[in-house]
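Student: Under my numbering, residues 86 to 454 are what the sequence shown spells out, in order.
For glycine and all other residues, C-beta sits at the position ideal for the given N, C-alpha and C.
Attaching a single structure in structure tokens format; questions to follow.
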Amino acid sequence: MGKQIKVIIDIRSLRISKTGAKTYLEEIVRELQKTKTGFTFHFADTIIPVKNGNNILLKSLEHFRFFLWKQVTLPLICIIRKADLLYCTDYFLPLFSPGFKTAVVFYDAFFWESPEQYNGIWLKLLKYTGVPAAKKADVVITISEHSRQQIIKNVGIHPDRIHVIHIAPKTSTKKTGNISGISSSTTRYILHVGVLEKRKNLTTLIRAFHLLLQDGFTEYKLVLVGNTISKESLDDSANIHALIHELGLEQDVILPGFIRDEELAFYYRNASVYTFVSLNEGFGIPVLEAFQNNVPTVISGNSCLPEIGGDAVLICDPLNPADIKEKIKMILINPALQKELIEKGQKRLTLFSWRNTTDKLLAVFKSLF
């Protein structure tokens, strides 16, 4: 047996990460724990609780702690454990990595495309530590070819160092769940799953749904599953509620809020159509979750979404409510199209799995040695 490659995985971000970034790390850790050949893994975490909140002093303290963790604690852990490789899944690496190689995940280039929407201290940390460390990293992992191109364009990391490894839907969405927020399984509805964030373009989706009702599809509801987002610059919940009131859709648009993974499968399984009309995405896990639950799907024709959806979706113009409405309507009135999209979705889903993601990741790790 050859020398085992010792890999340190930074899992501190599980204490603060949400949505897709949390899913990625949880699923990767689960798969890596099954890996026995060629690698040994140590999962590095802090023993000190990470505080969340809007208090400016508390935020500043946590940013400083994060800096110390990345630039001091992690390198020391790697040196003490004689690590061969440090893997971080949250954009940040140590600036100095004496005696070990480094790999980092950049999910997208949102921080550079829309900097006005992010915390100023965080952006400075990214500019003065995250980016310089990533440019020195042995490898940068991203999750779609679209993200790769945006990182090359906006961040300036050398293309040869950036590897695209697609991800997969949450394994937990396969669980059955309880009915919550929908009156019964006979309710007909169009579904969206995701935080109420501006780039999700939900006000345009609501306008499209209003047009659908005007076309006579009054038996349908619109269900928007997801939390409001804590960052005020990203949050779109106020505009969403205002538009619902303006259009008189209080009884037609359902906002159940955050839904646990164990219950989320119910919302997918009983939806008539899944819609994902986002203006920008790094990957789009909900598209695969819709495939997983046999839901015909409409997506935006932008960013990474056509790359993920392939021929198993209908593509719309996310800036045109009438086009979104027409694509939803095409599915609702055409059982043959519904069946075709479901079959294509199941076929497309076979291209994405966390085992496949991890195998490709480990192949990249091995190539470094």
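Unbroken alpha helix (DSSP H) runs of length 4 or more, entirely within the region 92-117: which are they?
Tutor: Correct list: 104-117.
Student: Suppose contacts are defined by Cβ-Cβ distances below 8 Å. Is L159 in contact with L170 by that definition?
Tutor: no
Student: Using a Cβ-Cβ cutoff of less than 7 Å, which residues in the same chain neighbour K136 once the five nearest sequence positions on both sides are dropped?
Tutor: Apart from sequence neighbours up to five positions away, the residues of its chain that approach K136 with a beta-carbon distance below 7 Å are L143, E147, ordered along the chain.
Student: Ignore the nearest five residues each way along the sequence and tell me which others in I400's own chain have a CB closer than 7 Å to its CB.
Tutor: I384, G386, P391
Student: Using 8 Å as the threshold, is the region 431-450 in touch with the region 102-120, meaning 3 or more CB pairs across them?
Tutor: yes
Student: Counting only the same chain and skipping the five closest in sequence on each side, list residues whose C-beta sits under 6 Å from that of V190.
Tutor: T174, I226
Student: Between R150, A168, K186, which lies nearest to L453 when the distance is taken from Cα to Cα?
Tutor: K186
Student: What residue range is occupied by the uninterrupted alpha helix (DSSP H) comprising L447?
Tutor: 439-452
Student: Just the Cα atoms here: how many angstroms apart are V362 and F294?
Tutor: Cα-Cα distance, rounded: 12 Å.
Student: Look at the alpha carbon of N140 and the alpha carbon of Q202, and state the distance between them as a whole number of angstroms.
Tutor: 18 Å
Student: Taking just the CA atoms, how far does I96 sit from S315?
Tutor: 22 Å
Student: What are the boundary residues of the beta strand (DSSP E) that S385 is part of?
Tutor: 382-385
Student: Given this structure, state the Cα-to-Cα distance separating D321 from D223, to the nearest angstrom.
Tutor: 38 Å
Student: Any idea what DSSP makes of D245, helix, strand or coil?
Tutor: helix
Student: Between the C-alpha atoms of V37 and Q336, what's the straight-line distance to the nearest angstrom?
Tutor: For the chain, the structure presents residues 86 to 454; residue 37 sits outside this window and is missing.
Student: Could you tell me the alpha carbon to alpha carbon distance between T258 and Q156, rounded to whole angstroms?
Tutor: Model confidence at T258 stands at a pLDDT of 46, short of 50, so the residue's coordinates are unreliable and nothing is read from them.
Student: Spatial neighbours of K88 within its chain, please: C-beta separation below 8 Å, excluding the five flanking residues on both sides.
Tutor: So no residue of the chain qualifies.
Student: What's the call for R233, buried or exposed, on a 16-neighbour Cβ count within 10 Å?
Tutor: That one is buried.
Student: For K412, does the three-state DSSP call read helix, strand or coil?
Tutor: helix
Student: If distances are taken between C-alpha atoms only, which option among F181, L99, L417 comes closest to G60?
Tutor: Here the chain comprises residues numbered 86 to 454, so residue 60 is not present and cannot be evaluated.
Student: Thinking C-alpha only, which one of V380, R433, A407, A448 is nearest P420?
Tutor: Checking every option, the nearest Cα to that of P420 belongs to V380.
Student: Assign E282 to one of three DSSP states: helix, strand, or coil.
Tutor: strand
Student: Counting beta carbon pairs with one atom in the region 423-433 and one in the region 401-411, are three or more of them shorter than 8 Å?
Tutor: no
Student: Kindly indicate which three-state DSSP category V398 falls into: helix, strand or coil?
Tutor: V398: coil per DSSP, three-state reduction.
Student: Looking only at C-alpha atoms, which of L434, T289, A350, I291 sits nearest to D396?
Tutor: L434
Student: Roughly how many angstroms separate the alpha carbons of I264 and N355, rounded to a whole number?
Tutor: Because the pLDDT of I264 is 49, which lies under 50, any placement of that residue in the model is unreliable, and the number read from its coordinates should be weighed accordingly. Straight-line measurement puts the Cα of N355 at about 10 Å from the Cα of I264.
Student: Going by DSSP, name the residue or residues bridged to F128.
Tutor: DSSP, once it has assigned bridges, lists I94 as partnering F128.
Student: With a threshold of 8 Å between beta-carbons, can I90 be considered close to chain D, or not?
Tutor: Structure shown: chain D not included; a single protein chain is present.
Student: Taking only three categories from DSSP, how would you classify H251?
Tutor: coil
Student: When you compare the CB positions of I427 and I275, do they come within less than 8 Å of one another, or not?
Tutor: no
Student: Return the bridge partner residues of L171 from the DSSP annotation.
Tutor: I93, T187
Student: Report buried or exposed for I291, applying the criterion of at least 16 other Cβ atoms within 10 angstroms of its Cβ.
Tutor: buried
Student: Is it the case that the Cβ atoms of Y352 and A375 are separated by a distance below 8 Å?
Tutor: no
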